[in-house]
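Protein chains in written order, with my numbering: chain V, 783 to 1328; chain S, 54 to 483.
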């Protein structure tokens, strides 16, 4: 959010049914200025174009979309998608009580300007490049998230970032820029076949990996295509046994005379065949003697590349919308057409024109009408799975669940003056906080989700829900409740605060009444409020992104 | 505490609840057969244990040795005789060799995926990953959906063992949905995690009652599909919190003898847990054992020690199930995602190989004591009795009394076969 000061000003001005309490981040943090992002391109024409294509497709199918979602839902969605966590209470109150007609756009700009935005996106990408079988995480992969977050925060173009990842001449075990090679290695040696398959899956959105061993019946890709691409990594090696710096220099120091790779054993009938470096869809390296990876990167990130921009745009769309325009996300090919071909085209063009600006693209998607429809299907559109007539609800990912629980269990109470009486009191920092286990072990338990997971199925199983219900750490009485009781005398308002924390909305009277049942006669004991928080955090509304 | 009386008592109660028709001896079994004779074969198994050899076990170093081949194929393990005349196993599997008459040794496995990630999905689902743009259910989810009890106090699919990577290949239920997801109980030596509430039972009951109301209202007003998915899992999670259900997972209720019998090793204890759960009516248990990925000599040395441990645990499981009258109704599968190259590589290991490899089947009313399929003298090709992934899935379905040719409707409204088109059960087994 912009600043804590704005919250207080707003609360003073606002005299309606709002709370007398606000829960803010730790005071030292609230003073920190969030970096401000000023959009470099106008989102409006693109948003209109998205809306037009979306509406046209619905009209073709004679389907009416669900209603526009409420402000509280938009806030929660945007915070989850763009910052990987539920909004904080100050964010929520400021947004809900803001009368500005342009407040959704202002919110999106402020979320996209935050550090949480770049870290969330970077974490999603780390999960995407890190293969499931990577047993010992190399420190380069561990350091990848903060590095990528820095690049995204600085507004670097996606093409530029990918070029750097593919051409890095750094220690693959330690340097974050070597992470892509660390993630695709066998015994610390970069493996061309893994690299080719990953480049296809992650950066190009094509399933070329199947062609490693055979010509796949559904795709146009042949083994020649696969190994031709792999050959671009054929020279890449670490400098020496003890030096993990990536290099393409030949071991004997001589100039390279060939670009080819020999298909290794175990790759089907083609094993042993020699294949020259060749780009997907044709095109050979311009120079035999020059390093091959820069030549590959140049082709891959060129504006004219038919896959690169579309693959990223499709992933970003799926990230926000819950389903890609092409599904599976890594299966762009003839015969697997996008649900909205013109829309994919225009997004890809805009992505290129913006200098591969990830933030701009996300902003356009989140401000579009299809993003803002309710997740509640109508009677007539409930069967629709491809036209975004209603929002795709899904469970929040483990990373998002982790950060959201952390926010919901550890707010710091700030007393707020009744308008016209006293100035606001000092922020009260809770004497203690709920310490969550380290992120990595939490993620191991809740399962790794990647940008590849889309759809409207509930992804957690019995063990995860058991843990949310009964884990000591997660279900202990959170210390902030004592402060809440101290500073807010009114029971319904205490309940309202808990709702705003967990759901980013105020309760209906019926809901408030229902939860009131959990508070026994002793309304000053935190136990009942702990029960309410337990119910909220274990409810569907908390664990889903809708 | 004496384990057996408790477990018997528990099982009877459980049976009544589950009406799962777990076959405890002939009497119980015959009633089930009568009840279901019309739709399933009388011999069909009701339970399945999948012993998953992750990383890909070498067929040459286990159940399809090539003692006549050159040393680069033979490897370091000598071949030994088995109970079946003329059939050899590698030396580190002597106990299974002594019970080869109780095994169906499927030596003609020939599949198309030789990448761990893809092959795990392929051999768990019978469909190539990404085929037709769908996610397919794993065997466990399939059995849970086809044979599981929706209101069971116990999950219909449990996976155990500590994986090296992520468990997605086990827990992804594909189009079958989250109700059929595996309960992953990583460490069988521990009691089930997170089944005791952090507040007294009265308070917990009050909380749950309000939670149910809130969730029901959400399901009415909002995203229905996801709400149903969430509620289904949450209800079953709550069922697991009952003492009876949780005790099925508690190995401390087994006698020390019984625990030692399986071997003091994660895999052995996993097999013991599988037996306990099978006995309590869980239709599908997967026990995970990693480390078979022998690319180099160093790993072969480790696997050398692993082999007898696995040999012992599998045999103990088969013996124990038989002693309890459960083997006939329980299919036991020993398999990984693929085999290994018949040629030893330059660094003394074997690489991925999916063209000709071996799986074991036991119990389940199958005709055991036979070898299915034959590889050439170098182990490079299947000469006859080729079994594809879809054939293998069809075989398991047939064993479990599931019509493999049936089509089911996916949530996205597409009809899809339980087994990929063209899958044919191995006739010789039935």
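Ideal Cβ placement from N, Cα and C applies to all residues, glycine included.
| query | result |
| --- | --- |
| Taking the C-alpha atoms as reference points, what is the distance between residue 1321 (chain V) and residue 267 (chain S)? | 7 Å |
| Are the beta-carbon atoms belonging to residue 966 (chain V) and residue 948 (chain V) less than 8 Å from one another? | no |
| Quick one: Cα of residue 388 (chain S) to Cα of residue 342 (chain S), how far? | 10 Å |
| Nearest CA to the CA of residue 1216 (chain V): which residue from V:1104, V:1191, V:1288, V:822? | V:1191 |
| Using C-beta distances below 6 Å, list every residue in its chain close to residue 1323 (chain V), excluding the 5 sequence neighbours before and after it, in chain order. | 1285 |
| Along the alpha helix (DSSP H) that carries residue 932 (chain V), what are the first and last residues, could you check? | 926 to 935 |
| What's the call for residue 195 (chain S), buried or exposed, on a 16-neighbour Cβ count within 10 Å? | buried |
| Is there a Cβ from chain V that is less than 8 Å from the Cβ of residue 347 (chain S)? | no |
| Determine the DSSP secondary structure at residue 1325 (chain V), reduced to helix, strand or coil. | helix |
| Considering only their Cβ atoms, is the gap separating residue 476 (chain S) from residue 340 (chain S) smaller than 8 Å? | no |
| Does DSSP put residue 120 (chain S) in a helix, in a strand, or in coil? | coil |
| Go through the stretch 1005 to 1039 of chain V residue by residue and report every complete run of the beta strand (DSSP E) that reaches 3 residues or more, in order. | none |
| Which residues in the same chain as residue 180 (chain S) place their Cβ atom closer than 6 Å to its Cβ, once the five residues preceding and following it in sequence are excluded? | 189, 473 |
| What does a CB cutoff of less than 6 Å around residue 114 (chain S) pick up in its chain, not counting 5 residues either side in sequence? | 128, 130, 143 |
| DSSP on residue 940 (chain V), reduced to helix/strand/coil? | helix |
| Could you check whether the Cβ of residue 173 (chain S) sits closer than 7 Å to any heavy atom belonging to the ligand SAH? | Summarising the ligand content, the structure contains no ligands, and the ligand SAH is consequently not present. |
| Measuring alpha carbon to alpha carbon, tell me which residue in S:416, S:252, S:328 is nearest residue 1253 (chain V). | S:252 |
| Quick one: list the residues of chain V neighbouring residue 340 (chain S), beta-carbon separation under 8 Å, in chain order. | Those within 8 Å of residue 340 (chain S) in chain V number zero; the least Cβ separation is about 17 Å. |
| Using a C-beta to C-beta distance shorter than 9 Å, which residues of chain V count as neighbours of residue 208 (chain S)? | 1243, 1244 |
| Identify each residue in the stretch 273 to 285 of chain S for which the Cβ-Cβ distance to at least one residue of chain V is less than 9 Å, and report them in chain order. | 274, 275, 276, 277, 278, 279, 280, 281, 282, 283, 284, 285 |
| Among all the DSSP beta bridges, which residues are the ones paired with residue 384 (chain S)? | S:101, S:416 |
| Nearest-angstrom Cα distance between residue 106 (chain S) and residue 1302 (chain V)? | 54 Å |
| Classify residue 156 (chain S) as helix, strand or coil using the three-state DSSP reduction. | strand |
| Please identify, using Cβ separations under 8 Å, the residues of the stretch 1067 to 1096 of chain V that lie next to chain S, in order along the chain. | none |
| With a 10 Å radius around its C-beta and 16 neighbouring C-beta atoms as the bar for buried, classify residue 1161 (chain V) as buried or exposed. | exposed |
| Relative to the alpha-carbon of residue 850 (chain V), which residue among V:859, V:1241, V:1032, V:1189 has its alpha-carbon at the smallest distance? | V:859 |
| Which residues in the same chain have their Cβ closer than 8 Å to the Cβ of residue 427 (chain S), if we skip the five residues on either side of it in sequence? | 160, 161, 435, 436, 437, 438 |
| Using a C-beta cutoff of 8 Å, does residue 234 (chain S) count as contacting chain B? | Chain labels in this structure do not include chain B; the protein chains are V and S. |
| Between the C-alpha atoms of residue 433 (chain S) and residue 139 (chain S), what's the straight-line distance to the nearest angstrom? | 20 Å |
| So residue 462 (chain S) is in the beta strand (DSSP E); what residue range does that whole segment cover? | 460 to 462 |
| Could you check what DSSP says for residue 427 (chain S) in three-state terms: helix, strand or coil? | strand |
| Can you tell me the Cα-Cα spacing of residue 274 (chain S) and residue 1155 (chain V), whole angstroms? | 15 Å |
| Return the CA-CA distance between residue 307 (chain S) and residue 370 (chain S), expressed in angstroms with no decimal places. | 14 Å |
| Using the beta-carbon of each residue, which ones in chain S are nearer than 9 Å to residue 1332 (chain V)? | What is shown of chain V runs 783 to 1328, which leaves residue 1332 (chain V) out entirely. |
| Quick one: what's got a C-beta closer than 7 Å to residue 21 (chain S)'s C-beta in the same chain, skipping five residues either side? | Outside the displayed span of chain S (54 to 483) sits residue 21 (chain S), for which this structure offers no information. |
| Is there a Cβ from chain V that is less than 8 Å from the Cβ of residue 373 (chain S)? | no |
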